[in-house]
Amino acid sequence: MVRALVNRFPNSAAVAEQVALDLFSFVRETLERKDRVDIALTGGTVGIATLAAASQLPFNDLDLSRIHIWWGDERYVEADSLDRNAVQARNAWLRTLGITDENIHEFPSSESGLTVSEAAQKFNEEFLESGIHFDLMLMGMGPDGHIASLFPGKDNWKTTVAVTYEENSPKPPSQRLSFSYAEINNSNQIWFTVAGSDKAAAVAVAFGDDPESLPVGRARGKEKTVWYVDQTAGNLVWGC
C-alpha cells in the first residue's frame, strides 16, 4: 500500500470512536469550502459502530441540506431487511440525523422487480446523472481482503462503469450491488476501518510487496488514503 496514513488503536471501539470524530471534522471542514459533501458509508461491525459513535456528535449543528449520504455497496435484498447496510445505518445513526430522504441515496432493493444486473445499470445511470464523485468513502475489509462487494477471484473489478454487481457472493446474501474500482478510486479520500485478528493476514498483504493481489490493495483515494487499524488486525505488520 503506497502513500497511506496509518492510525493504530488498542481495540475496535477506539477505532470507531476516532473515525466518528474525524468524520465530523471532515464534514465540517469540507462544508467550509464546498457547497455540498458526499460521503459513502460502509457496513460491517466496525462501520456500524462508527455510525453509532457519530450519533453522539453534533452533526445536527451542521447544514444538513448540504450533506449527501451514499453507500459503497449493498445487499440486494428487501428494502427493510436487516441485512441491508442502509437499514443498519438508519438504525445506528441516520434516524437521529435530521437529514432529508432526498439526501440519502440508497441502492435499489430486490423489491424493485429488477434483476441485480438491471438494478446496477439503473443505479449507475442515476449516479452518473448526479455528476458527483465522493469526497470521502468509508470502507471496511473482509478477512479475505474484499472491499465493498468486490471479492477475490471475481471479474467485476475490471469494469469501467461506476456501479457493478455480484450474483454469487462467497458470503451471503449472494446478490450484491457495489461501486466499482473505477468510481471508488475517484473518491478524494478513502478511509479503511479494520479490526480483528481475522483481518491480520489481509492487512499484511495490503502493506506487503503485492498489495493488488487482494481487492483492498487496488483501492486508493485521489488525495488521501487512511487506515484505522486495531491492535489485532495490525499485529503481523506492526506488531501492535
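Just so we're aligned: 223 in this note's numbering is position 223 of the sequence shown, and the numbers increase by one with no gaps anywhere. Note that beta-carbon positions come from the ideal geometry of N, C-alpha and C, so glycine has one too. Note that the structure is a prediction, hence the values are computed from the model and not measured.
Compute the beta-carbon to beta-carbon distance between residue i and residue j, rounded to the nearest angstrom, for a pair I have assumed lies under 8 Å.
{"i": "methionine 141", "j": "valine 216", "result": "5 Å"}
{"i": "leucine 57", "j": "phenylalanine 24", "result": "5 Å"}
{"i": "threonine 225", "j": "alanine 4", "result": "4 Å"}
{"i": "asparagine 188", "j": "phenylalanine 134", "result": "7 Å"}
{"i": "phenylalanine 107", "j": "glutamate 129", "result": "The Cβ separation is near 15 Å, so there is no contact."}
For residue i, which of the options has the nearest alpha-carbon?
{"i": "valine 163", "options": "Arg176, Pro172, Lys154 and Pro152", "result": "Arg176"}
{"i": "tryptophan 71", "options": "Pro152, Gly196 and Ala148", "result": "Ala148"}
{"i": "aspartate 38", "options": "Val46, Thr45 and Arg28", "result": "Arg28"}
{"i": "glutamate 78", "options": "Lys199, Gly43 and Ser109", "result": "Ser109"}
{"i": "tyrosine 181", "options": "Asp210, Glu167, Ala204 and Arg218", "result": "Arg218"}
{"i": "alanine 86", "options": "Ala200, Leu41, Ala54 and Thr45", "result": "Leu41"}
{"i": "aspartate 63", "options": "Thr30, Val46 and Asp83", "result": "Thr30"}
{"i": "phenylalanine 179", "options": "Ala200, Ala204, Ala206 and Met139", "result": "Met139"}
{"i": "tryptophan 157", "options": "Asn185, Pro172, Lys171 and Ser12", "result": "Asn185"}
{"i": "valine 237", "options": "Trp227, Val203, Asp210 and Glu223", "result": "Val203"}
{"i": "aspartate 101", "options": "Ser65, Asp80, Ser112 and Arg84", "result": "Ser65"}
{"i": "proline 173", "options": "Ser55, Tyr76 and Gly221", "result": "Tyr76"}
{"i": "isoleucine 48", "options": "Asn124, Arg84 and Asp209", "result": "Arg84"}
{"i": "glycine 43", "options": "Asn235, Leu82 and Thr115", "result": "Leu82"}
{"i": "alanine 201", "options": "Lys154, Asp80, Asp209 and Asn235", "result": "Asn235"}
{"i": "lysine 171", "options": "Leu150, Asp35 and Gly113", "result": "Leu150"}
CB-CB under 6 Å to residue i, same chain, minus the five flanking residues each way: which ones, in chain order?
{"i": "isoleucine 104", "result": "Ile69"}
{"i": "valine 229", "result": "Arg8 and Val194"}
{"i": "alanine 53", "result": "Ala16, Glu17 and Ala20"}
{"i": "leucine 51", "result": "Ala89, Ala92 and Trp93"}
{"i": "methionine 1", "result": "Low confidence applies here, because methionine 1 scores a pLDDT of 47, under 50, leaving its location unreliable; read the following figure in that light. Around methionine 1: Ala206, Phe207 and Pro211."}
{"i": "tryptophan 191", "result": "Leu138 and Val226"}
{"i": "serine 55", "result": "Trp93 and Thr96"}
{"i": "glycine 131", "result": "none"}
Which residues does DSSP list as the beta-bridge partners of residue i?
{"i": "tryptophan 71", "result": "Leu41"}
{"i": "tyrosine 76", "result": "In the DSSP output, where bridge partners are listed per residue, tyrosine 76 has none listed."}
{"i": "serine 241", "result": "In the structure as shown, the chain begins at 1 and stops at 240. Residue 241 is therefore absent and cannot be evaluated."}
{"i": "alanine 204", "result": "Looking at the DSSP assignment, alanine 204 forms no beta bridge with any residue, so it has no partner."}
{"i": "isoleucine 104", "result": "Ile69"}
{"i": "arginine 225", "result": "The identity of residue 225 in the sequence shown is threonine, whereas the question assumes arginine. Ala4 and Ile190, per the DSSP bridge assignment."}
{"i": "phenylalanine 9", "result": "Asp230"}
{"i": "isoleucine 147", "result": "Leu150"}
{"i": "leucine 82", "result": "Per DSSP, none; premise fails for leucine 82."}
{"i": "leucine 136", "result": "Ile39 and Gln189"}
Against chain B, with Cβ distances strictly below 7 Å, would residue i count as a contact?
{"i": "alanine 162", "result": "No chain B appears in the structure shown, which is made up of a single protein chain."}
Under 7 Å Cβ to Cβ from residue i, same chain only, skipping five residues before and after it: list those, please.
{"i": "asparagine 60", "result": "Leu97 and Gly98"}
{"i": "proline 152", "result": "Asp144, Gly145, His146, Leu214 and Pro215"}
{"i": "lysine 199", "result": "Met141, Pro143 and Ala233"}
{"i": "phenylalanine 26", "result": "Leu136"}
CB-CB under 8 Å to residue i, same chain, minus the five flanking residues each way: which ones, in chain order?
{"i": "glutamate 32", "result": "none"}
{"i": "serine 12", "result": "Thr45, Val46, Ala49, Ala195, Gly196 and Asp230"}
Could you say if the region 110-121 and the region 164-175 meet the contact criterion of at least three C-beta pairs nearer than 8 Å?
The region 110-121, when compared against the region 164-175, does touch it at the 8 Å Cβ threshold.
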